[in-house]
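*Asks:* As you go down the protein sequences, you meet chains A and B in turn.
Residue numbers for the first sequence follow my numbering, beginning at 1 and rising by one.
Residue numbers for the second sequence follow my numbering, beginning at 1 and rising by one.
No residue lacks a Cβ here, since even glycine has one placed at the ideal position from N, Cα and C.
Just so we're clear, the structure is a prediction, and the values are computed from it rather than from any experiment.
Could you have a look at this structure, given as structure tokens, before my questions?
There are 2 protein chains.
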Amino acid sequence: MNFTSIPTAQIQDTMARLSYFEGWDKEQLARLAVGAKQFALLRKEKLAAKGDRLEALYIVVSGQMRLFIPLSNGAERVVSLVERGDGFGEPCLIQDEPCPFEAVAGKDSHLIAIDKLVYRRELRQSQAMTERTLNLISQRLLHTLHDIEICAQPSSLQRVAHYLVHLRPPSLDTEQEFRLPALKRDIAAKLGLSQETFSRMLAFMAQQGFIQLSGSQVRVDDWNRMHGLAKAGCPMEVAGKN
Amino acid sequence: MNFTSIPTAQIQDTMARLSYFEGWDKEQLARLAVGAKQFALLRKEKLAAKGDRLEALYIVVSGQMRLFIPLSNGAERVVSLVERGDGFGEPCLIQDEPCPFEAVAGKDSHLIAIDKLVYRRELRQSQAMTERTLNLISQRLLHTLHDIEICAQPSSLQRVAHYLVHLRPPSLDTEQEFRLPALKRDIAAKLGLSQETFSRMLAFMAQQGFIQLSGSQVRVDDWNRMHGLAKAGCPMEVAGKN
DNA sequence: CGTGTCGTTGAGCGCTTTCAACCCTGGTGG
DNA sequence: CCACCAGGGTTGAAAGCGCTCAACGACACG
Chain A
1 MNFTSIPTAQ
11 IQDTMARLSY
21 FEGWDKEQLA
31 RLAVGAKQFA
41 LLRKEKLAAK
51 GDRLEALYIV
61 VSGQMRLFIP
71 LSNGAERVVS
81 LVERGDGFGE
91 PCLIQDEPCP
101 FEAVAGKDSH
111 LIAIDKLVYR
121 RELRQSQAMT
131 ERTLNLISQR
141 LLHTLHDIEI
151 CAQPSSLQRV
161 AHYLVHLRPP
171 SLDTEQEFRL
181 PALKRDIAAK
191 LGLSQETFSR
201 MLAFMAQQGF
211 IQLSGSQVRV
221 DDWNRMHGLA
231 KAGCPMEVAG
241 KN
Chain B
1 MNFTSIPTAQ
11 IQDTMARLSY
21 FEGWDKEQLA
31 RLAVGAKQFA
41 LLRKEKLAAK
51 GDRLEALYIV
61 VSGQMRLFIP
71 LSNGAERVVS
81 LVERGDGFGE
91 PCLIQDEPCP
101 FEAVAGKDSH
111 LIAIDKLVYR
121 RELRQSQAMT
131 ERTLNLISQR
141 LLHTLHDIEI
151 CAQPSSLQRV
161 AHYLVHLRPP
171 SLDTEQEFRL
181 PALKRDIAAK
191 LGLSQETFSR
201 MLAFMAQQGF
211 IQLSGSQVRV
221 DDWNRMHGLA
231 KAGCPMEVAG
241 KN
């Protein structure tokens, strides 16, 4: 964890450019920046272990953080992949509870750490900030429920189909080609699948003409058919010849 | 859905006795009670479908609500079992998003519905209420993450063990006997297991001396051994004779 | 050209599900 | 008092799906 000593004013400046703080008061940011630190993490470097007491709110400035629950068989269940402009740790700080996941850098990253006490003090004193945070956490809870919905799908094929469908939102009316937002391994771990199964399902969908894929580029020609896959329990039929 | 026309004052009175509103201002409750309705639900009666726009915050006065995600194979993935004094729907109201689950009465129940507009107005105007709600939702997010952790366990035996361990909190230092907090069917659906598998795992744990059970009464003699089960990937070994 | 990371493919096993029948309990009405 | 029924739960047998292990391929980097 490489602390590059950076003046508060510059940290505040960086914060102002992050989507996390979009629309926040300038004075609010100034107060939050007090005692905040910026630092770098190397790929695979661990920031927090499951059960740790977090001492700060973390915001990703660049890179990516993998939040996951370590499993007894050595595997991981990815809970969230935090990209630039997003943060994590609010519920732990607010409730003073141990961290429910492990936080490891997925790439070389830069983060900002906002001191826990400062954070809580500001939260207590600013209605606007409390509201924003409530919105944020509500959003995140809904998002988590949606993740659960995906993982609850009875077959792995449906899980992947559901995931792809959920990946559409950014106006893919004309552009139906996109790239997977993370390593396939991590996506698999988020869907509760092994890397191998995820690969096989993608291959199957390609072979059946649901998608075309090269590397992490994916093209979906017919979203309706994809929706069908997500809902219908097509039992991965003979797949021999159609 | 049987609306028993009840005066606002009496609803406010009922609210004051619910743990959900513990410590809230009396005036706050009075304002929230305006436009609130109390009603009864019969066992299995549906209150909201997945995708519905909720028009109220719901608080359970008696009975139990099952919140679940319906699956394509007709099964359900229980997300939460809401008992007396708890509520649901806040994130949907706050974010104005469709309901991510289905809400059905698990038993004959009585609920209070607090009008969406009233709720949001009060939330906007009261720092205290925003804070409380933020705490509530944070708590719920952490709880949901823990549920994910349980469901992520690689074997069903570990899932059940984890679940039982998590059921301990209420000072079971002396009293290590308790009863399951819901129908086994619903617990199974919350663990992402079929009813049959859940039954088998309990039977196995009983046969191996991890627990004693009669009906929904469970006694755990050695919590350490149970912890062991939850973490170690004991692959349901031969179980023949020890 | 070696090394590390990411991903694909193949073969085999075993757990979980599914479908089925059966048991048990409590309530109801003749 | 007992027959009957509905709901909840248990148990058995069979089948399939996803995991594990392992080897291989592709690609980037130094």
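Among B/M205, B/E149 and B/T14, which has the Cα closest to the Cα of B/A33?
*Replies:* Closest option to B/A33, Cα to Cα, is B/T14.
*Asks:* Name the residues in the stretch 129-143 of chain B whose C-beta lies less than 7 Å from a C-beta of chain A; which are they?
*Replies:* Result list: T130, E131, T133, L134, N135, I137, S138, Q139, R140, L141 and L142.
*Asks:* Within the same chain, show all residues whose beta-carbon is closer than 6 Å to that of B/Q12, passing over the 5 residues directly before and after it, in chain order.
*Replies:* For B/Q12, where only same-chain residues beyond five positions count, the Cβ hits under 6 Å are L29, A30 and A33.
*Asks:* Cα separation between A/R140 and B/Y119?
*Replies:* Approximately 20 Å, taken between the alpha carbons.
*Asks:* Would you mind stating whether B/F210 and B/R225 have Cβ atoms separated by less than 8 Å?
*Replies:* Result yes, Cβ atoms of B/F210 and B/R225 sit closer than 8 Å.
*Asks:* Inspect the beta-carbon positions of B/I148 and A/R66 and report whether they are closer than 8 Å.
*Replies:* Not closer than 8 Å, so no.
*Asks:* Please state whether DSSP places B/R17 in a helix, a strand or coil.
*Replies:* Here B/R17 sits in coil by DSSP.
*Asks:* Could you name the residues of the same chain whose beta carbon sits closer than 8 Å to that of A/V160, not counting the 5 residues immediately before and after it, in chain order?
*Replies:* So the list reads L191, L193, F198, M201, L202 and M205, once near-sequence residues are dropped.
*Asks:* Counting only beta-carbon separations shorter than 8 Å, does B/G192 have a partner in chain A?
*Replies:* B/G192 counts as touching chain A.
*Asks:* Is any beta-carbon of chain B found at less than 8 Å from that of A/Q146?
*Replies:* Contrary to the premise, residue 146 of chain A reads as His rather than Gln in this sequence. So, interface residue.
*Asks:* Going by CA-CA distance only, name the one from A/G85, A/F101 and A/T133 that's closest to A/I112.
*Replies:* Answer by Cα proximity: A/G85.
*Asks:* How would you list, in chain order, the residues of chain B whose beta-carbon sits under 8 Å from the beta-carbon of A/R77?
*Replies:* By Cβ distance, chain B contributes I148, E149 and A152.
*Asks:* Under DSSP, the beta strand (DSSP E) around A/P91 begins and ends at which residues?
*Replies:* It is not in any beta strand (DSSP E) - A/P91 instead sits in the alpha helix (DSSP H) that spans E90 to Q95.
*Asks:* What residues from the stretch 90-113 of chain A come within 8 Å of chain B, judged by C-beta to C-beta, listed N to C?
*Replies:* Hits within the stretch, in order: E90, P91, C92, I94, Q95, E97, P100 and F101.
*Asks:* Considering only the beta carbon of each residue, do B/K50 and B/F88 sit closer than 8 Å?
*Replies:* Result no, Cβ atoms of B/K50 and B/F88 do not sit closer than 8 Å.
*Asks:* Just how far apart, CA to CA, sit A/S109 and A/G63?
*Replies:* Distance between the alpha carbons of A/S109 and A/G63 is about 4 Å.
*Asks:* Evaluate A/A188 with the Cβ neighbour count: other Cβ atoms within 10 Å of its Cβ, from every protein chain shown; 16 or more gives buried, anything less gives exposed.
*Replies:* Result: buried.
*Asks:* Give the straight-line distance between the Cα atoms of A/D221 and B/V79, rounded to the nearest whole angstrom.
*Replies:* Rounded to the nearest angstrom, the two C-alpha atoms are 33 Å apart.
*Asks:* Just to confirm before moving on: does the CB-CB distance between B/A36 and B/D115 stay below 8 Å?
*Replies:* Cβ distance < 8 Å, so B/A36 and B/D115 count as in contact.
*Asks:* So what does DSSP say about A/S126, is it helix, strand or coil?
*Replies:* In the structure shown, A/S126 sits in coil (DSSP, three-state: anything other than H, G, I, E or B).
*Asks:* Quick one: is A/V59 near chain B, going by C-beta distance under 8 Å?
*Replies:* Per the sequence presented here, residue 59 of chain A reads as Ile, with Val not at that position. Closer than 8 Å: no.
*Asks:* Compile a chain-ordered list of the residues in the stretch 61-73 of chain A whose CB is closer than 7 Å to at least one CB of chain B.
*Replies:* Residues passing the 7 Å Cβ filter: I69, L71, S72 and N73.
*Asks:* Identify the contact partners of A/A232 in chain B, using a Cβ-Cβ distance below 7 Å as the criterion.
*Replies:* Near A/A232 (Cβ distances below 7 Å), the residues of chain B are S72.
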